[in-house]
Amino acid sequence: MDYIELNNPTGLKLKKWERTICISDEGVIFVPSSISTRSEGEILHSASFDGVAIHTYLNHAFFPLTWISDEFPETKEYCDLIEKN
């Protein structure tokens, strides 16, 4: 698993886990729950229900970018930006 830590956006002080993305050896991009307005618990529940693989980093759950983008539309804009870069 490769970890890419993004810089803090101007004016924000996000924790390291909130601005990190993970890329699996297979090329799957995992993103933190903080890109959503939903709680990590709610997203974990949905992922578990859907049988979606998650990854943990710094004691937080990370979710496949394509899944979270489809399941939680408020994340789509951020997911598109991540995927393009």
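Numbering-wise, the numbering used here comes out as the position in the sequence shown, counting from 1, plus 1.
Cβ coordinates follow ideal geometry from the N, Cα and C atoms, glycine included.
Source: prediction; values computed, not measured.
Checklist entry - Can you name the residues that DSSP bridges to Glu-6? => result Thr-21
Checklist entry - Whose C-alpha, out of Val-32, Ala-62, Lys-85 and Phe-31, is nearest the C-alpha of His-46? => result Ala-62
Checklist entry - Using the C-alpha atoms, what's the distance from Phe-64 back to Ile-55? => result 5 Å
Checklist entry - Between Glu-6 and Thr-21, which are expected to be in contact by the criterion C-beta below 8 Å, what is the C-beta distance as a whole number of angstroms? => result 5 Å
Checklist entry - Hey, Ile-30 and Glu-78: beta-carbon distance below 8 Å or not? => result no
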